Every structure is written in structure tokens, then in C-alpha cells.
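A.B. asks: Its first residue numbered 1176, the sequence shown is counted upward by one per residue in my numbering. The C-beta atom is built at its ideal place from N, Cα and C for all residues, glycine as well. Everything numeric in this text was worked out from a predicted model, so none of it was measured. One structure is given below, represented as C-alpha cells, and several questions about it will come after.
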Amino acid sequence: MDWETIASQNPWWEDEKEIERDEKVKESLKRKHRYIPPFLKGNYLILGPRQTGKTTYLKLCIRELIEKGVPAKNCLYFVCNLVMNLQDIIDITKLFKQAGGKYVFFDEIGFVPGWERAVKQILEIKDLSEGMNFYFTGSTTLELQKERFPGRPIKIREFLPLNFKEFCILFGSDEFKSNILDSVSLKNIPEIAPKMMRHFKEAEHLFNFYIHCGGFLRSAYELVEEGRIQDETFNIYWDWIAGDIARLDLSERTLGAVLKGVIKRYSTPFSLSSIAKEVEIPSHITVRDYLETLESLYVLRSYWKGYEKQPTFRKERKVYFIDPFIYHLSSFKTTGAKEETPGETGKIVEGIVGEAIKNDGYFEWKVPETLPAAKDYSIRILDKDAPKNGVSDDSDGVFAILPSSSLTA
């Protein structure tokens, strides 16, 4: 890898004001409602679906470092679709450190075959890692099934579409934002609910947006600030999913069939065989493989019925998209429908709630005897499903909260 290719991606080395002219930075800063996540110092592997703003986040981190007085030449950004192999990653790191660099941002490292070995080597070799901060982004968890970097000085974080709370903080009024930031958490909802009631109409208004655009920044900005989601946006997000499927040597046609089956059975338990039969896929194993791949690409999640000892993976499951916009995208691409029917709205909301529970914690109230039907529904999580630290159990047994398992090494 020649130095000229590396330097071409870092124009701020010649003029630090170039970071302000970067297209991602300009697009972010021009918004009426700015979304600027906090800078995290250390070594991080940042994972999440495409089009959630990971690249923009890296560029904003570089901008913040330069604003704080870090020499622009100490910040390297490199998008890894130009890299041929893992040795290129190591060579770039060596060259940059020899030049006095401190902060390395490798974007979409998942493009590099064997990237996880390059990350391990960089972190293990003192001459490469000492005094450096590394940030790697990726759009799939496939390789993490084999390598979680135990004992290495790196944290793994998910960069997901905005949840509804984050959506309200971005687009809500100043008073609404302040109350959300100061008071809302799973444990104190019963206490602060009366205080939040005065924001009900605003929350309802924002939720109606969220049901349609979800938490992907592009679709959210277009709907909230411009009034509609552009057709181009649907195509961009579909190209992400179909493109990743193609890179894995899978079929876009089969992808469409599987997603059509998911849409038809949305929020309803189904077996793999029933989906295979309904959408004319020869084997239920094919359906399973596509669902697992789509989960690793942050497209959807599978949920199984409560279990006693072991998950019943072979039995019926429910499948929800990680974000409501992906529901609309999949529905449009497989059935031609952009708008949901009244009967579908509740199903979309169910998916939003499921994703919130998955990411933010486990929440259970005692159900009164006067609601016997509701007593049949609960979520069970065993010790191995969540870390033991941070478990909160109210002494009167009203509810318990178990934080969801986080992707931390």
C-alpha cells in the first residue's frame, strides 16, 4: 500500500480546514437537528448496519480531535474497500506510527479477508499499539462468532439506528429533550409518567414519524425535515442489504422470498418449514441460513418462545426487523406497498418494543389476577443470557431489570 493512496483519504494533513469541507461532516453540520455522538477514547470495534452514520461518526471524531488541538497529521482515516489483505492493514499502521500518528480510523474493515487477525496482531504487537488509539467499523457480526478478542485492549460497541428515546432527543422540543435526558429510565417509569404526560401529544406526533422512518438518519431527516422519504433512499438501503447478500454468494431472489415470508407472518410465530413452503423455497435449511445471515447483517432478529433449560431453536419463532424503516423497505421491495395498513401498525409497534427490550434491558411487572390473559405472556432470561452485574431487583417484587448482553470484550 503506497503512502500516496493513504494520504489521498486524509486531505486535512495538508490543510486542517479540509475536515470542515468533508461531505459527511458538511451534511451532518448543516442539519437543523444535529446528531453528533460523543467521542470515545480508546480502542473500539464499532459494529452496526450500513447507513447508520458510522463513517460520519469517524469523520466527526477527527474533527473534534483537531478542534481540541490534536495535530491533523496525527489522525488517519482509511476506508478498507481499497485494501487487498490483512497485511495491508498492518503495513498502513506501521507507516502511520512511524510518521508520528496517534489516532487510526479504519472504516468498514469487514471488507478485508481475515480482518480479525489483523486487529489481533495490531493490538498484541507493542511496537504497533503503544500510544495509539484504534477505531474499526464493520457491518456484520459474522466473524465475531469466531473471534471476540478476549483479553485484548479493545471494546466492542454497536452503532444501531436511533431508538425512539434517541429519536425524541434529536427531533423533540428543548423541554421534552431535557425531561427525557434527566429522568427517563426503565426503573423510574412509574414515578415520572405523570410528569411526562404533558408531553404526550409531542411524543405521539414524533412516534407517528418514527413508525414510518425509523431511526436511520437519512430516512428520519427526510421525513421529519422534508416531509417525505425519497425513492432514492429506499433504493440505497435495499442496495445495502442485497449487496451484502451478494458478497456472501447468496441469492437476491431468495432474499426477496424470505423477506416476503417474514412480512406475511410478521409478529406471528412460524416454523422454518412453513415459510419455505409458502414462498416456494426448496428447503427449510435455506430459510434458516438466510435468517441467520440477515441477523448478522443487522437486518432482523429472531425471538423464540420462553424456555425452561435450552432455547428451542427448531421450533416456532417470531421475526422482527431491527427498525421500522426496514419493515417498510422490505414490504415495498417484495410486495410493492410503501404504506402499512391499519392492521400492520400494531405489528410494527410490537417490533419497536421488542428491539427496545433487546437493547435496553429486561422489564417485567407482576400481572394482576384481573388480567388472566396477560399472564400467559412473559420473557424469560437465564443467567447465561445476561451479565450478572447491574441486575436490579426491586425489594417488593414489582419488577426486575436485567440489562441485555452487550458486545463488550
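In angstroms with no decimal places, state the Cα-to-Cα distance between I1460 and C1255.
C.D. replies: Indexing the sequence shown from 1 puts residue 1460 at position 285. Indexing the sequence shown from 1 puts residue 1255 at position 80. I1460 and C1255: Cα-Cα distance of roughly 33 Å.
A.B. asks: With a CB to CB cut of under 7 Å and the five nearest residues on each side skipped, what residues in its chain are close to S1449?
C.D. replies: Within the sequence shown, the letter at position 274 stands for residue 1449. Counting only Cβ-Cβ distances below 7 Å, and skipping sequence neighbours, we find nothing.
A.B. asks: Within 8 Å, do at least three Cβ pairs link the region 1236 to 1246 to the region 1273 to 1285?
C.D. replies: As far as the Cβ criterion goes, the region 1273 to 1285 touches the region 1236 to 1246, which means the pair count is three or higher.
A.B. asks: Alpha carbons only, please: which of N1338, G1390, Y1396, C1343 is nearest the one belonging to H1374?
C.D. replies: Position 199 of the sequence shown, counted from the first residue, corresponds to residue 1374. Minimum Cα distance to H1374 is reached at C1343.
A.B. asks: Who are the Cβ neighbours of S1394 in its own chain at under 7 Å, not counting the five residues just before and after it?
C.D. replies: On the sequence shown, residue 1394 is found 219 positions in, with the first residue counted as 1. Excluding residues within five positions, the ones whose Cβ falls inside 7 Å are C1388, I1404, T1408, F1500.
A.B. asks: Apply the 10 Å Cβ neighbour rule to S1353 and answer buried if 16 or more other Cβ atoms are within range, or exposed otherwise.
C.D. replies: Reading the sequence shown from its first residue, position 178 is the one you call residue 1353. Looking at its Cβ environment, which holds fewer than 16 other Cβ atoms inside 10 Å, S1353 is exposed.
A.B. asks: Rounding to the nearest angstrom, what Cα-Cα distance links I1420 and K1192 in this structure?
C.D. replies: Looking up residue 1420 in the sequence shown gives position 245. Looking up residue 1192 in the sequence shown gives position 17. The straight-line gap from Cα to Cα measures roughly 38 Å.
A.B. asks: Based on Cα-Cα distance, which residue from G1228, G1529, E1530, H1503 lies nearest to E1519?
C.D. replies: As a first step, residue 1519 is located in the sequence shown; it is residue number 344 there, counting from the start. Comparing Cα-Cα distances from E1519 to each of G1228, G1529, E1530, H1503, the minimum goes to H1503.
A.B. asks: So W1479 is in the beta strand (DSSP E); what residue range does that whole segment cover?
C.D. replies: Residue mapping note: residue 1479 aligns to position 304 of the sequence shown, counting from 1. It spans 1475 to 1479 - the beta strand (DSSP E) in which W1479 sits, taken as one unbroken run.
A.B. asks: Can you tell me the Cα-Cα spacing of M1259 and Y1385, whole angstroms?
C.D. replies: Counted from its first residue, the sequence shown places residue 1259 at position 84. Counted from its first residue, the sequence shown places residue 1385 at position 210. Their backbone Cα atoms lie some 40 Å apart in a straight line.
A.B. asks: One question on the structure: do Q1184 and F1271 come within less than 8 Å of each other, judged by their Cβ atoms?
C.D. replies: As a working mapping, residue 1184 is identified with position 9 in the sequence shown. As a working mapping, residue 1271 is identified with position 96 in the sequence shown. It is not a contact, given that the beta carbons lie outside the stated cut-off.
A.B. asks: F1286 bridges to which residues according to DSSP?
C.D. replies: Reading the sequence shown from its first residue, position 111 is the one you call residue 1286. F1286 is not bridged to any residue.
A.B. asks: Entirely within the region 1260 to 1313 and at least 4 residues each: give me those alpha helix (DSSP H) ranges in chain order.
C.D. replies: Here the runs fully enclosed are 1261 to 1273, 1290 to 1299, 1301 to 1304.
A.B. asks: Three or more beta-carbon pairs under 8 Å between the region 1327 to 1341 and the region 1291 to 1300, yes or no?
C.D. replies: Result yes; three or more Cβ-Cβ pairs closer than 8 Å.
A.B. asks: Can you tell me whether DSSP reads L1215 as helix, strand or coil?
C.D. replies: Translated into the one-based positions of the sequence shown, residue 1215 becomes position 40. In this structure, L1215 counts as coil in the three-state DSSP scheme.
A.B. asks: Under the assumption that Y1396 contacts R1206 (Cβ atoms under 8 Å), give the Cβ distance between them as a whole number of angstroms.
C.D. replies: Position 221 of the sequence shown, counted from the start, is the residue given in the question as residue 1396. Position 31 of the sequence shown, counted from the start, is the residue given in the question as residue 1206. Correct: roughly 6 Å between the Cβ atoms.
A.B. asks: Buried or exposed, going by whether 16 or more other CB atoms sit within 10 Å of the CB of V1528?
C.D. replies: Translated into the one-based positions of the sequence shown, residue 1528 becomes position 353. Label assigned to V1528: exposed.
A.B. asks: For F1286, I'd like the list of residues in its chain whose CB is within less than 6 Å of its CB, leaving aside the five on either flank, ordered along the chain.
C.D. replies: Your numbering for residue 1286 matches position 111 in the sequence shown. Excluding sequence neighbours, F1286 sits near C1255, N1256.
A.B. asks: Should D1190 be labelled buried (16 or more other beta-carbon atoms within 10 Å of its own) or exposed?
C.D. replies: Working through the sequence shown from its first residue, we reach residue 1190 at position 15. Its Cβ having fewer than 16 others within 10 Å, D1190 is exposed.
A.B. asks: Give me whichever residues DSSP pairs with L1220 in a beta bridge.
C.D. replies: Here residue 1220 refers to the residue found at position 45 when the sequence shown is read from its first residue. Answer is F1311, I1331.
A.B. asks: What residue range does the beta strand (DSSP E) around C1343 cover?
C.D. replies: Within the sequence shown, numbered from 1, the residue matching residue 1343 stands at position 168. Element bounds for C1343: not the beta strand (DSSP E) but the alpha helix (DSSP H), 1339 to 1346.
A.B. asks: Does the region 1510 to 1518 come into contact with the region 1465 to 1476, if we say contact requires no fewer than three beta-carbon pairs (one atom in each stretch) closer than 8 Å?
C.D. replies: Result no; under three Cβ-Cβ pairs closer than 8 Å.
A.B. asks: Anyone know if the C-beta pair for Q1226 and Y1495 falls short of 8 Å?
C.D. replies: As a working note, residue 1226 is residue 51 in the sequence shown. As a working note, residue 1495 is residue 320 in the sequence shown. The answer is no: Cβ separation not under 8 Å.
A.B. asks: I need the DSSP call for Y1502, collapsed to helix, strand or coil.
C.D. replies: The residue labelled residue 1502 in the question sits at position 327 within the sequence shown. If DSSP states are grouped into helix, strand and coil, Y1502 belongs with the helices.
A.B. asks: Which parts of the region 1428 to 1474 are runs of the alpha helix (DSSP H), unbroken and 4 residues or longer, counting only runs that do not cross its ends?
C.D. replies: Runs found: 1447 to 1453, 1459 to 1471.
A.B. asks: Name the DSSP beta bridge partners of C1592, please?
C.D. replies: Because the chain here runs from 1176 to 1584, residue 1592 falls outside it and cannot be looked at.
A.B. asks: Mind reading off the beta-carbon distance from S1314 to E1283? Whole number of angstroms is fine, and I expect it under 8 Å.
C.D. replies: Along the sequence shown, read from residue 1 onward, the residue named residue 1314 stands at position 139. Along the sequence shown, read from residue 1 onward, the residue named residue 1283 stands at position 108. Right, the Cβ-Cβ distance comes to about 7 Å (below 8 Å), so this counts as a contact.
A.B. asks: Exposed or buried, what is E1400 when buried is set at 16 or more other beta-carbons lying within 10 Å of its beta-carbon?
C.D. replies: Counting from one through the sequence shown, the residue named residue 1400 turns up at place 225. Under this definition E1400 is an exposed residue.
A.B. asks: On the three-state DSSP scale, how would you describe R1238?
C.D. replies: Counting from one through the sequence shown, the residue named residue 1238 turns up at place 63. R1238 falls in the helix class under three-state DSSP.
A.B. asks: Rounded to whole angstroms, how far is the Cβ of K1439 from the Cβ of E1453, which I believe are closer than 8 Å?
C.D. replies: By 1-based counting over the sequence shown, the position of residue 1439 is 264. By 1-based counting over the sequence shown, the position of residue 1453 is 278. Right, their Cβ atoms sit about 7 Å apart.
A.B. asks: State the Cα-Cα distance for the pair A1368 and I1355, rounded to the nearest angstrom.
C.D. replies: Translated into the one-based positions of the sequence shown, residue 1368 becomes position 193. Translated into the one-based positions of the sequence shown, residue 1355 becomes position 180. So the two alpha carbons sit approximately 11 Å from each other.
A.B. asks: Output the boundary residues of the beta strand (DSSP E) element that contains F1496.
C.D. replies: In the sequence shown, residue 1496 corresponds to position 321, counting from 1. Element bounds for F1496: 1492 to 1496.
A.B. asks: What do you reckon, are the CB atoms on Y1219 and L1345 nearer than 8 Å?
C.D. replies: Position 44 of the sequence shown holds residue 1219. Position 170 of the sequence shown holds residue 1345. Contact: no.
A.B. asks: By DSSP, does I1367 sit in helix, in strand, or in coil?
C.D. replies: Looking up residue 1367 in the sequence shown gives position 192. Of the three classes helix, strand and coil, the one that applies to I1367 here is helix, per DSSP.
A.B. asks: Figure out for me which residue from L1466, M1372, R1422, P1186 has the closest Cα to the Cα of L1434.
C.D. replies: On the sequence shown, position 259 is the one that residue 1434 refers to. Nearest option by C-alpha distance: L1466.
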